[in-house]
Amino acid sequence: WQMIEKERDLITTFSTGCPIMDNTLGGGIRLGQITELYGESGCGKTQLCIQLSLEVQRIFRARGQEAKVVYINTESHIEKIDKRLKHISYYRAKADKPFNIADARCLQQHFFDNIYIDIIRHYRHLEMTLVDRLPLLLSREPSIRLIIIDSLAALFRSEDILFEHHTKANTLQYLGFAMHTLCHRYNLAIVCVNQVYAYIYVVGKIGIRANSEFA
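In my numbering, the protein residues as written are 11 to 225.
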């Protein structure tokens, strides 16, 4: 019976906070796997990432467990992330129906304190973080259940980095291997954000053609 209870308490997925998206993902974000989120600029990818950083805490908290989050941002300033995170975490705390405003503020602070925010501007720094820094942090904080990279694509759009296709492919393969290693070794989820953009180009003298790519 103890083994059955332990198996029942084992959390393998957590909700995105959106039933439609949960259904699309087969139940939500799965531990031990990488989930890629992509969409055009301004469609709410960062908003969803912040929501995920709170939802994973809520799910584990309901089981009497703790879940912490590493949020890696490659585009926004930390002040902007802090502001959005505090705003959303307050309304998430209120949704849990605390006894009063003071309890809501206390829960908000608890959510906020369990999120480690890191700002990275170069792909080499991300490599170092995935291979060296995160394993050290995870050895001290085994309750980390989610790593968010928002966004991976931004590190390769910088004007001072002119990647050849094979160089970019090799780098992404190395980063992917490092992320898979973290997922499996520490039984955590990684959510990686990418951006879709459209471009228009001239086709001979006939006209134009539109297409889209992942950044």
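We put the CB at the ideal spot given by N, CA and C, even for glycine.
Coil, strand or helix - residue i by DSSP
{"i": "D32", "result": "helix"}
{"i": "L198", "result": "coil"}
{"i": "L162", "result": "coil"}
{"i": "V206", "result": "strand"}
{"i": "H132", "result": "coil"}
{"i": "D170", "result": "Its pLDDT being 49, under 50, D170 is placed unreliably by the model, and the measurement read from it follows with that caveat. Coil, per DSSP."}
{"i": "D106", "result": "coil"}
{"i": "M13", "result": "For M13, the pLDDT reaches just 40, beneath the cut-off of 50, and the residue's location in the model is therefore unreliable, leaving the point undetermined."}
Nearest-angstrom beta carbon gap, residue j and residue i [assumed within contact, 8 angstroms]
{"i": "N83", "j": "I127", "result": "7 angstroms"}
{"i": "G41", "j": "L198", "result": "Checking the sequence, you will find Leu at residue 41 rather than Gly. Going by Cβ atoms, the distance from L41 to L198 rounds to 6 angstroms, so yes, they are a contact pair."}
{"i": "V80", "j": "L144", "result": "7 angstroms"}
{"i": "T26", "j": "L58", "result": "7 angstroms"}
{"i": "L185", "j": "E137", "result": "7 angstroms"}
{"i": "I98", "j": "I60", "result": "5 angstroms"}
{"i": "M271", "j": "L146", "result": "Lying outside 11 to 225, the shown extent of the chain, residue 271 is not represented and no answer is given."}
{"i": "C193", "j": "Q43", "result": "6 angstroms"}
{"i": "Q118", "j": "Y100", "result": "5 angstroms"}
{"i": "S153", "j": "E76", "result": "5 angstroms"}
{"i": "L162", "j": "F122", "result": "Their Cβ separation, rounded to whole angstroms, is 24 angstroms, which puts L162 and F122 out of contact at 8 angstroms."}
{"i": "G49", "j": "V206", "result": "6 angstroms"}
Extent of the continuous beta strand (DSSP E) to which residue i belongs
{"i": "I125", "result": "125 to 129"}
Start and end residues, alpha helix (DSSP H) containing residue i
{"i": "R143", "result": "Taken as a continuous stretch (DSSP letters only), R143 belongs to no alpha helix (DSSP H), as it is neither H nor E."}
Paired residues, beta bridge with residue i - DSSP
{"i": "I154", "result": "K78"}
Secondary structure, beta strand (DSSP E): runs of 3+ residues fully inside the segment 19 to 96: 44 to 49, 78 to 83
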